[in-house]
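2 protein chains.
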Amino acid sequence: MATPGDLSPLADPTPLSDSTAELLREKILNGDFAPGQRLNEAAMARQLGISRGPVREALAQLRAEGLVYDEPRRGSFVAALTPADVKEIYQLRCALETYAARMISEAGDEAAIGRLREVARQLRAAAEAMDQKEFARLDMLFHSELCRLTENRRLHQAFERHSGLLSTLLRLEVTTQYESLDGLLTSHEEIVDDIASGDVERAQAACERHLDHAIGMVLAMLEHARSAEAEN
Amino acid sequence: MATPGDLSPLADPTPLSDSTAELLREKILNGDFAPGQRLNEAAMARQLGISRGPVREALAQLRAEGLVYDEPRRGSFVAALTPADVKEIYQLRCALETYAARMISEAGDEAAIGRLREVARQLRAAAEAMDQKEFARLDMLFHSELCRLTENRRLHQAFERHSGLLSTLLRLEVTTQYESLDGLLTSHEEIVDDIASGDVERAQAACERHLDHAIGMVLAMLEHARSAEAEN
DNA sequence: TTTCGGTAAACTGTCAACAGTTCGCAATGG
DNA sequence: CCATTGCGAACTGTTGACAGTTTACCGAAA
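Have a look at this one:
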């Protein structure tokens, strides 16, 4: 940005706090840190061979992203989603995604529609290959792309900020809801088709239907996991 | 949360970083710090009689809120809104607020509708009293309340996160756009009425119209301010 | 055996100091 | 007079240490 012909391959400009945040984000989303688990600043600093300063900044970053929360004078904990949280996030996603669908549909952005169709196709392929992990990834990617393709960074960012924790749940969703899988597939394809139709109302409605369906599945899954957990 | 009967009036539990963030936020939104201005950590720490640690955390907090941005190894700067940013924020607001209007309308939440009507009434009173500052505050409050009354904290938070900087612009808006003032007033009241009608489509449409109108005004105002600034 | 109280360890919030980089300015050369 | 180079000041990124609070453990009393 500053100097066009900037040639400085030496000297890593990325602060330690950023790479630390990335590392912790990965570990949380990957499930290495369980929800509700306490995150010890000093221990992590020691383990990474750095001081507590960058670790604190990394935690502040993750807190802003909603991945961890703070209890004053007690420390940071990995965020845990209650059913009420899940409902909130799905409502927010509905607000963002239905609007994104309207935007793309109204603009008649052929490139964007093509991209969405491609992801939907890959999603079906993953389902037929019974690749659960890939299915969950592509499912999330479809919705992320929907927001990204609006070319409104803030809208996409608002989506990403809250989708992270959800993706840890979606990994389980597919395993428990095989019977609804075909409905999910056609549901995604319907969204693309209705966006392509240029009828903004239909595009919005398709998106809303899909999310209404999805939240029902996730809440049922969450309930199922909770009752199973209460057994042991 | 931990101890129900917690009575410890002594010992201030609010960290220095939080109160520092609040102070800086106030100063930025109040215009004491100009957009693009550099924020010196050491200087602010000295001025507040604290060390740089809490100041850094406060800056991280404000950065997460979008009020400041960082240039690596150079420091923090007060965020400045380009017309493209303004457009992005208004689109995001449109996504959030139209959905909020739908939610409240669908739920038929009389208490929420009453609250919105009350704010709209105060807004008209401020306009008649020619109280520009109060008008700007109530205008923003109306939209904030619209999101808050959904009782979806994340939706409201997404609104608040991006409305802060806008409010610094809205302060100017009123001064330059007297002729459109009456349109703005009726526009707010229309939103309340259409929400109250229970017709979710009408509620959504009223909200969308209002924001389309508002962004036009703000962009024109921004253009006006820019050309005026180019003169000196 | 259970509950209460006290003590010690652990952890967060905060501070002061160091290292490397960037920025500004003056001296130098064209 | 203008561009360039070198130096010094200032600032960010990072570190290690200290103070106060919270947590956990252990023993004593009911």
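Chains V and U, in that order, give the protein sequences. Everything in the first sequence is counted per our numbering, starting at 91 for the first residue and increasing by one. Everything in the second sequence is counted per our numbering, starting at 91 for the first residue and increasing by one. Even for Gly, the Cβ is constructed at its ideal location relative to N, Cα and C. Just so you know, these numbers come straight off a predicted model, no measurement behind them.
Proximal residues of chain U, C-beta to C-beta of residue i below 7 Å
i: Ala248/V; result: Leu182 and Ala248
i: Ile179/V; result: Arg244
Simplified DSSP assignment, three categories, for residue i
i: Phe167/U; result: strand
i: Leu239/V; result: coil
i: Ile118/U; result: helix
i: Phe249/V; result: helix
i: Pro105/V; result: coil
i: Gly198/U; result: coil
i: Asp289/U; result: coil
i: Met193/V; result: helix
i: Asp96/V; result: Legend: pLDDT at Asp96/V = 39, less than 50; position of this residue unreliable, no value from coordinates given.
i: Thr172/U; result: coil
i: Met220/V; result: coil
i: Ile281/U; result: helix
i: Ser141/V; result: coil
i: Phe232/V; result: helix
i: Phe225/V; result: helix
In DSSP terms, what residue i is bridged to
i: Tyr159/U; result: Phe167/U
i: Arg128/V; result: Phe167/V
Inter-residue Cα distance where the pair is residue i and residue j
i: Gly156/V; j: Leu129/U; result: 26 Å
i: Val290/U; j: Met134/V; result: 50 Å
i: Ala217/U; j: Ala295/V; result: 38 Å
i: Thr258/U; j: Gly204/U; result: 28 Å
i: Ala124/V; j: Ile285/U; result: 42 Å
i: Arg261/V; j: Leu182/V; result: 20 Å
i: Cys184/V; j: Leu255/V; result: 16 Å
i: Ala191/V; j: Ile305/V; result: 18 Å
i: Leu228/V; j: Ser253/U; result: 32 Å
i: Gly143/V; j: Leu152/U; result: 18 Å
i: Leu149/V; j: Arg316/V; result: 28 Å
i: Cys237/V; j: Glu313/U; result: 28 Å
i: Ala201/U; j: Gln212/U; result: 17 Å
i: Ser109/V; j: Arg136/V; result: 15 Å
i: Ala169/V; j: Thr104/V; result: 26 Å
i: Glu280/U; j: Leu271/U; result: 14 Å
i: Leu231/U; j: Val209/U; result: 8 Å
i: Glu131/U; j: Tyr189/U; result: 40 Å
i: Arg163/V; j: Met193/V; result: 45 Å
i: His278/U; j: Val158/U; result: 31 Å
i: Gly139/V; j: Val145/V; result: 11 Å
i: His233/U; j: Leu301/U; result: 10 Å
i: Leu275/U; j: Val282/V; result: 39 Å
i: Cys225/V; j: Ala154/V; result: As written in the sequence, residue 225/V is Phe, which differs from the Cys given in the question. If you take the alpha carbons of Phe225/V and Ala154/V, they lie about 28 Å apart.
i: Gln127/U; j: Glu161/U; result: 12 Å
i: Glu235/V; j: Glu187/V; result: 10 Å
i: Ser107/V; j: Phe167/V; result: 18 Å
i: Met307/V; j: Leu119/U; result: 42 Å
i: Gly273/U; j: Arg299/U; result: 11 Å
i: Glu196/V; j: Leu245/V; result: 17 Å
i: Lys223/V; j: Ile179/V; result: 22 Å
i: Leu309/V; j: Cys297/V; result: 18 Å
i: Leu171/U; j: Glu147/V; result: 26 Å
i: Lys117/V; j: Glu250/U; result: 29 Å
i: Gly121/V; j: Leu206/V; result: 28 Å
Amino acids of chain V, ordered along the chain, whose beta-carbon sits closer than 8 Å to that of residue i
i: Leu255/U; result: Result: empty, since nearest Cβ-Cβ is about 11 Å, beyond 8 Å.
Chain U contact residues for residue i, given Cβ-Cβ distances below 8 Å
i: His252/V; result: Arg244
i: Tyr159/V; result: Per Cβ cutoff of 8 Å: no residues; Tyr159/V is ~12 Å from chain U at best.
Partners in chain V for residue i, counting only beta-carbon separations shorter than 9 Å
i: Glu147/U; result: Arg146, Glu147 and Ala150
i: Ala202/U; result: By Cβ distance, chain V contributes nothing, its closest Cβ being about 15 Å from Ala202/U, past 9 Å.
Where residue i meets chain V, residues with beta-carbon distance less than 7 Å
i: Leu186/U; result: Ala185
Partners in chain U for residue i, counting only beta-carbon separations shorter than 9 Å
i: Ala393/V; result: One cannot answer for residue 393/V here, as it falls past the ends of chain V, which runs 91 to 322.
| Touching or not, the stretch 232-245 of chain V and the stretch 171-178 of chain V, by the rule of three or more beta carbon pairs under 8 Å? | Verdict: no, contact absent.
| task | Assess, as a yes-or-no matter, whether the stretch 216-234 of chain V is touched by the stretch 102-113 of chain U under the definition of 3 or more beta carbon pairs within less than 8 Å. | result | At 8 Å Cβ cutoff, the stretches do not touch.
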